[in-house]
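Asks: Protein chains in written order, with our numbering: chain A, 1 to 576; chain B, 577 to 1152.
Below is one structure. I have some questions about it.
2 protein chains.
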Amino acid sequence: MKPLSRYLPILDWGRAYDRGALTNDLVAALIVTIMLIPQSLAYAMLAGLPPEAGIYASIAPILLYAVFGSSRALAVGPVAVVSLMTAAALGQAVAETGADYAAAALTLAALSGGMLLAFGLFRLGFIANFLSHPVIAGFITASGVLIAASQLKHILGVKASGGTLPEMLAGLFAALPETNPITLAIGAGATAFLFWVRKGLKPLLVRLGLRPRLADLVAKAGPVAAVAATTLLVAGLGLEAQGVAVVGAVPQGLPPLAMPDLSLVLVTALLAPAALISLIGFVESVSVAQTLAAKKRQRIDPDQELIGLGAANLGAAFTGGYPVTGGFARSVVNYDAGAETPAAGAFTAVGLAVAAVALTPLIFHLPTATLAATIIVAVLSLVDFSILRRSWTYSKADFAAVSATILLTLGFGVEAGVSAGVAFSVALHLLKTSRPHVAEVGLVPGTQHFRNILRHKVETDPAILTLRVDESLFFANARFLEDMVQDRVAEGCAVRHVVLMCSAVNEIDFSALESLEAINLRLKDIGVGLHLSEVKGPVMDRLKRSHFLEALNGRVFLSQYDAWIALCGGAPARAA
Amino acid sequence: MKPLSRYLPILDWGRAYDRGALTNDLVAALIVTIMLIPQSLAYAMLAGLPPEAGIYASIAPILLYAVFGSSRALAVGPVAVVSLMTAAALGQAVAETGADYAAAALTLAALSGGMLLAFGLFRLGFIANFLSHPVIAGFITASGVLIAASQLKHILGVKASGGTLPEMLAGLFAALPETNPITLAIGAGATAFLFWVRKGLKPLLVRLGLRPRLADLVAKAGPVAAVAATTLLVAGLGLEAQGVAVVGAVPQGLPPLAMPDLSLVLVTALLAPAALISLIGFVESVSVAQTLAAKKRQRIDPDQELIGLGAANLGAAFTGGYPVTGGFARSVVNYDAGAETPAAGAFTAVGLAVAAVALTPLIFHLPTATLAATIIVAVLSLVDFSILRRSWTYSKADFAAVSATILLTLGFGVEAGVSAGVAFSVALHLLKTSRPHVAEVGLVPGTQHFRNILRHKVETDPAILTLRVDESLFFANARFLEDMVQDRVAEGCAVRHVVLMCSAVNEIDFSALESLEAINLRLKDIGVGLHLSEVKGPVMDRLKRSHFLEALNGRVFLSQYDAWIALCGGAPARAA
Chain A
1 MKPLSRYLPI LDWGRAYDRG ALTNDLVAAL IVTIMLIPQS LAYAMLAGLP
51 PEAGIYASIA PILLYAVFGS SRALAVGPVA VVSLMTAAAL GQAVAETGAD
101 YAAAALTLAA LSGGMLLAFG LFRLGFIANF LSHPVIAGFI TASGVLIAAS
151 QLKHILGVKA SGGTLPEMLA GLFAALPETN PITLAIGAGA TAFLFWVRKG
201 LKPLLVRLGL RPRLADLVAK AGPVAAVAAT TLLVAGLGLE AQGVAVVGAV
251 PQGLPPLAMP DLSLVLVTAL LAPAALISLI GFVESVSVAQ TLAAKKRQRI
301 DPDQELIGLG AANLGAAFTG GYPVTGGFAR SVVNYDAGAE TPAAGAFTAV
351 GLAVAAVALT PLIFHLPTAT LAATIIVAVL SLVDFSILRR SWTYSKADFA
401 AVSATILLTL GFGVEAGVSA GVAFSVALHL LKTSRPHVAE VGLVPGTQHF
451 RNILRHKVET DPAILTLRVD ESLFFANARF LEDMVQDRVA EGCAVRHVVL
501 MCSAVNEIDF SALESLEAIN LRLKDIGVGL HLSEVKGPVM DRLKRSHFLE
551 ALNGRVFLSQ YDAWIALCGG APARAA
Chain B
577 MKPLSRYLPI LDWGRAYDRG ALTNDLVAAL IVTIMLIPQS LAYAMLAGLP
627 PEAGIYASIA PILLYAVFGS SRALAVGPVA VVSLMTAAAL GQAVAETGAD
677 YAAAALTLAA LSGGMLLAFG LFRLGFIANF LSHPVIAGFI TASGVLIAAS
727 QLKHILGVKA SGGTLPEMLA GLFAALPETN PITLAIGAGA TAFLFWVRKG
777 LKPLLVRLGL RPRLADLVAK AGPVAAVAAT TLLVAGLGLE AQGVAVVGAV
827 PQGLPPLAMP DLSLVLVTAL LAPAALISLI GFVESVSVAQ TLAAKKRQRI
877 DPDQELIGLG AANLGAAFTG GYPVTGGFAR SVVNYDAGAE TPAAGAFTAV
927 GLAVAAVALT PLIFHLPTAT LAATIIVAVL SLVDFSILRR SWTYSKADFA
977 AVSATILLTL GFGVEAGVSA GVAFSVALHL LKTSRPHVAE VGLVPGTQHF
1027 RNILRHKVET DPAILTLRVD ESLFFANARF LEDMVQDRVA EGCAVRHVVL
1077 MCSAVNEIDF SALESLEAIN LRLKDIGVGL HLSEVKGPVM DRLKRSHFLE
1127 ALNGRVFLSQ YDAWIALCGG APARAA
């Protein structure tokens, strides 16, 4: 790939752009635009921002991602989980620093964009690997529950606050007597309607003769219908006078060019949340992009994705938006509607700009309960507690990480949840590797293959103790190694040779080297040889740079079979 | 081992105690007592506490360790690094909470003791493994430098403060004009004398006909001579009137029984420092104990050591002391002087109790400059920058962890240094495992052994791609695995079978399982089989609990040779 198109994927696909692709992209853009208008308003509300911020966050970011991103179908903009994390981050930072809420949102987007861009340029995309799959699954599920709970106040028409599930539920319970019945009727009705659209409308349309894909797209327009119907209802009956909360006046016009506030105190307060938002946004976005790319046998470059998302977030920061990422729902709609290139995204941006200029007066009477309903129905598809059952069956350690992530996210908020999930995964992994599986092995008769004496019928020799350590040797298990060899040798008095079979040893770090030196000295003192077999190339290269091999009271064998032949003297004693 | 003596090692050695052991223990106790008096005073000064705290911290803790500890030679009491960490922890906590300094020292010892005891009872000693050898070495070296620098103010006779090297040096530089010349003369003289005792006295005594071991013990009494000489000098010439700082009045009597202040605010402030002190104290103590035990073929039980150290610290907390641990210098003296059992420690405690009752008036005129000199000479033996060179040669990752630990300890203090060292070791380890070494392997001719095609002359078959992944498969490299297999298959168009040789795969966690499922599906789509070979028992057990093996588009082979024979159809094509 050429150097410039490496950073500007647009040069790749732009060259081959033709009328067929243009038509497909225009159709996809129209459909996505219609779907995005209510979604953008709703997610802005979830983030605690005025509705126009959601629209603005969908315009410049989409355009910038179209230039820099590597996925052809990804649709970038406000998404549910990142909006929730934005609300949590801004709530705390504003309380601490006294900054303006909407201005802090720009700072957050700028920080997140800068981090993503820097990580992409330095090719650090692999950092996202530290989030294990079950931790992500647990976090997304718990976030879905939190988001749905946070919207119940709009459905009830009451005031309540809180960033954790117990706080939200307590707030709702206390506010229950002030429920506005008309708001509740609109909210519950919209929720029921949207559920039906999702579950019942598509089969109905298919039975009425629509092609399944078209039926699916029509069903995706359900939120628009709900928005239109409830807005007309509120406007027509003057329900605002009855206490129904509405969106109200939204500025009419293109996104404003604004410089984010980069004062030290605000940046310091938002640095850690921005890092978490970037991490989660990146992981979510890349998994959506890879799922869609695999269907068309296209490749996603995670580092280029970082650059694309970084540019998108910087775009949001300078045009009145807030942190954005590639969303699952919008990307799937874009893909299903036939989008062929990122140009579809650009056309969507134009559509949304038109909406920002022309359509905002129409949503004055839109009830917030309807927006809450669209959020609730959208996020409940994120909630999937089956990860608990699946991880329990397979691995208790993974189950522990998932449970901790879910409980901490619900009980202490999104930032605590995702941090704990990462810390838990890492700690459990180290714990497992600190007490590795060690097998005493013997020769499988008639082969040159060595296996665990406890699991297979093998030949052994009482003078030779062959231990296969099933783990890289590093600081977390260096002391374990010392103790283990000492104990095993103490058990078998006839042992004259200890062979460490290193087929599973992928690294020997400095701590483990010191432990091996100690083991070698102790065995030498009692007249027992220490040998290594099947040492891998990279490990051997490193050992050669130390003095260990010179001091070794034994040999290094290419294969365990060579060690067996050499140490047995050709006449192995048979044993169970 | 019986249940009770498991927790009370005293029942083991106490039963066999005889007159020979008693004599040896008494001699050792006398020598250690003489050495400990100046050392205890000095380390208390280093911790910012009154001198008697050092003596008290050597009495009850030694007795309790004798009952609960598993090492026969370890001498427990105040040590340099833990004293420095105590000063750092107390300085900050007192500034934050307004607590009394000496009272907070008791709280710190109580917290540390409680943690050590709890970790021992739950057998969590392996947590200390997360400190890699080079990080410990770097931390001890940097602490030695910090400690020596912190004592220079006493040598100069000026006031200065600071917990980091730049702060200390700046403070000293600013205070230089106020240097007290008589104090400087005493301090510099004592330092020079003690260096000579350490380097020159022993050879001299040996030449005069003393046995080397006895010469060594006489040399160890050097600090006592320095203390006596300078005390007499100050008292005789009335140098306090010239501004020479002295120890002053020290309460005469046995350690006071005192209840530590366990108020929530103080406990909260000291919790994290107590954890770090416990960790460092435990690691230092266990490595001393294991070094000495190995010489006599005795075993150290790390979990029992936690219990012994926990009891010792709780003892310190209730008798006017501060956090203690097993010290290198005092343990080696104890061992060299012939101590056979922990009873030697008990006799030392009696000796120190006598000193506390009878000798404290004698040290009224002891100049603090002399104590500073004993500290400086003692800690400079901890400083060993060769770890930088040794780790550089062997592994850049270990070198990075050591350098970060040293720089952060010097620049930001002990707590930042050791925390960063642990975090750095863990992060670098994950980084390495997230991009594992993957070798394409082939059959070594004439054997059943498979090795890297790039390093060995081996047979391969273009239809079979055998990849040996040299790492456990887990969340940090799950995505890497997906990308790697996809790339390798895309390169070789003739490939019909992919064999993952799992001899080095010690674990497949839930994230990696999902990645393997994804790889299996993708390969199936393009008509390529996915096989596994040499899967270890524990890994196979777990895979059987998932649906992966049912969905696998291929087979699992016991050995790579079996896979080769089965997939080649018995007729391998020869290639380089």
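Each residue gets a CB set at the ideal place from its N, CA and C atoms; glycine is no exception.
On the criterion of 16 or more Cβ atoms from any shown chain inside 10 Å, does residue 1170 (chain B) qualify as buried, or is it exposed?
Replies: Given a span of 577 to 1152 for chain B in the structure shown, any question on residue 1170 (chain B) remains unanswerable.
Asks: Name the chain B residues whose beta carbon is nearer than 7 Å to that of residue 507 (chain A)?
Replies: Within chain B, the residues near residue 507 (chain A) are 1008.
Asks: So, at 6 Å on beta carbons, what are the nonlocal neighbours of residue 973 (chain B) in its own chain, with the 5 sequence-adjacent residues on each side left out?
Replies: Closer than 6 Å at Cβ, skipping near neighbours: 1004.
Asks: Just to check, is the beta-carbon of residue 936 (chain B) closer than 7 Å to a non-hydrogen atom of the ligand NAD?
Replies: Only the bare structure without any ligand can be found here, which leaves the ligand NAD out of the picture.
Asks: In three-state terms, what does DSSP make of residue 1139 (chain B)?
Replies: Residue state, collapsed to three classes: helix.
Asks: Indicate whether at least one CB of chain A lies closer than 8 Å to the CB of residue 974 (chain B).
Replies: Taking Cβ atoms only, chain A reaches closer than 8 Å to residue 974 (chain B), which makes this a yes.
Asks: Just confirm the distance between the C-beta atoms of residue 571 (chain B) and residue 885 (chain B), as a whole number of angstroms; I'd bet it's less than 8 Å.
Replies: A query on residue 571 (chain B) cannot be resolved here, the shown segment of chain B reaching from 577 to 1152 and no further.
Asks: Got a sec? Which residues, its chain only, sit under 6 Å from residue 562 (chain A) by beta carbon, not counting five neighbours each side?
Replies: Answer for residue 562 (chain A): no residue qualifies.
Asks: For residue 288 (chain A), which residues from the same chain have a beta carbon less than 6 Å from its beta carbon, with the 5 sequence-adjacent residues on both sides left out?
Replies: Here the set comprises 326, 328 and 331.
Asks: Could you round the C-beta distance between residue 532 (chain B) and residue 673 (chain B) to whole angstroms and report it? I think they count as a contact, below 8 Å.
Replies: This structure leaves residue 532 (chain B) out entirely; chain B is present only between 577 and 1152.
Asks: For residue 443 (chain A), which residues from the same chain have a beta carbon less than 8 Å from its beta carbon, with the 5 sequence-adjacent residues on both sides left out?
Replies: Cβ within range, chain order: 449, 450, 458, 459, 460, 561, 564 and 572.
Asks: Would residue 732 (chain B) and residue 759 (chain B) qualify as a contact pair, given that the criterion is a beta-carbon distance under 8 Å?
Replies: Result yes, Cβ atoms of residue 732 (chain B) and residue 759 (chain B) sit closer than 8 Å.
Asks: Please list the partners that residue 1113 (chain B) has in chain A, where partner means a Cβ-to-Cβ separation under 7 Å.
Replies: Chain A residues near residue 1113 (chain B): 452 and 455.
Asks: What are the start and end residues of the alpha helix (DSSP H) that includes residue 119 (chain A)?
Replies: Taken as a continuous stretch (DSSP letters only), the alpha helix (DSSP H) holding residue 119 (chain A) covers 101–121.
Asks: Decide if the region 918–931 of chain B is in contact with the region 798–818 of chain B; the criterion is three or more beta carbon pairs, one per stretch, under 8 Å apart.
Replies: Because the criterion of three Cβ pairs below 8 Å is not met, the region 918–931 of chain B and the region 798–818 of chain B do not touch.
Asks: Report yes if the C-beta distance between residue 172 (chain A) and residue 160 (chain A) is below 8 Å; otherwise report no.
Replies: Contact flag set, yes.
Asks: Taking Cβ-Cβ distances shorter than 7 Å, what residues in chain B pair up with residue 585 (chain A)?
Replies: Absent from the model: residue 585 (chain A). The displayed extent of chain A is 1 to 576, so no value can be given.
Asks: DSSP puts residue 1076 (chain B) in a beta bridge; with which residues?
Replies: In DSSP, residue 1076 (chain B) forms a bridge with B:1043 and B:1108.
Asks: Let me make sure I understand the geometry here. Which of B:684, B:611, B:656 and B:593 has the alpha-carbon closest to that of residue 648 (chain B)?
Replies: With distances taken between Cα atoms, residue 648 (chain B) lies closest to B:593.
Asks: Is residue 444 (chain A) helix, strand or coil by DSSP?
Replies: Correct three-state label for residue 444 (chain A): coil.
Asks: Taking DSSP's pairing of strands, which residues face residue 367 (chain A) in a bridge?
Replies: BP columns for residue 367 (chain A) point to A:246.
Asks: Taking the beta carbon of residue 1146 (chain B) as the centre, do at least 16 other beta carbons fall within 10 Å, making it buried, or is it exposed?
Replies: Confidence at residue 1146 (chain B) is low in this model, with a pLDDT of 49, below 50, so its placement is unreliable and no value can be given for it.
Asks: So, with DSSP's three-state summary, where would you put residue 554 (chain A)?
Replies: Note: residue 554 (chain A) maps to coil in three-state DSSP.
Asks: Specify the secondary structure class of residue 576 (chain A) as computed by DSSP and reduced to three states.
Replies: Here the model assigns residue 576 (chain A) a pLDDT of 34, short of 50, so the residue's position is not dependable, and the following value carries that caveat. In the structure shown, residue 576 (chain A) sits in coil (DSSP, three-state: anything other than H, G, I, E or B).
Asks: Give every residue of the same chain whose Cβ lies closer than 6 Å to the Cβ of residue 382 (chain A), excluding the five residues on either side of it in the sequence, and list them in chain order.
Replies: Here the set comprises 140 and 144.
Asks: Assign residue 493 (chain A) to one of two classes, buried (16 or more other C-beta atoms within 10 Å of its C-beta) or exposed (fewer than that).
Replies: Exposed, because fewer than 16 other Cβ atoms sit within 10 Å of the Cβ of residue 493 (chain A).
Asks: Taking Cβ positions, are residue 1065 (chain B) and residue 1014 (chain B) nearer each other than 8 Å?
Replies: Their beta carbons are not under 8 Å apart, which means residue 1065 (chain B) does not touch residue 1014 (chain B) by this criterion.
Asks: Going by CA-CA distance only, name the one from B:932, B:1144 and B:1032 that's closest to residue 612 (chain B).
Replies: Of the candidates B:932, B:1144 and B:1032, the one whose C-alpha sits nearest the C-alpha of residue 612 (chain B) is B:932.
Asks: Would you kindly report the start and end of the unbroken beta strand (DSSP E) that includes residue 1027 (chain B)?
Replies: Its beta strand (DSSP E) spans residues 1026–1028.
Asks: Run through chain B and tell me which residues come within less than 8 Å of residue 268 (chain A), C-beta to C-beta.
Replies: Within 8 Å Cβ-Cβ: nothing; residue 268 (chain A) doesn't reach chain B, min ~17 Å.
Asks: Suppose contacts are defined by Cβ-Cβ distances below 8 Å. Is residue 697 (chain B) in contact with residue 876 (chain B) by that definition?
Replies: Contact: no.
Asks: With a cut-off of 8 Å, does the C-beta of residue 632 (chain B) fall near any C-beta of chain A?
Replies: False, the Cβ-Cβ gap to chain A never drops below 8 Å.
Asks: Output the distance between the C-alpha atoms of residue 627 (chain B) and residue 618 (chain B), rounded to the nearest integer angstrom.
Replies: Cα to Cα, the separation comes out at about 7 Å.
Asks: Please determine, among B:711, B:1072 and B:926, the residue with the shortest C-alpha to C-alpha distance to residue 983 (chain B).
Replies: The shortest Cα separation from residue 983 (chain B) among B:711, B:1072 and B:926 belongs to B:711.
Asks: So, are the CB atoms of residue 67 (chain A) and residue 324 (chain A) less than 8 Å apart?
Replies: No, the Cβ-Cβ distance between residue 67 (chain A) and residue 324 (chain A) is not below 8 Å.
Asks: Using a Cβ-Cβ cutoff of less than 7 Å, which residues in the same chain neighbour residue 1052 (chain B) once the five nearest sequence positions on both sides are dropped?
Replies: Here the set comprises 1006, 1009 and 1010.
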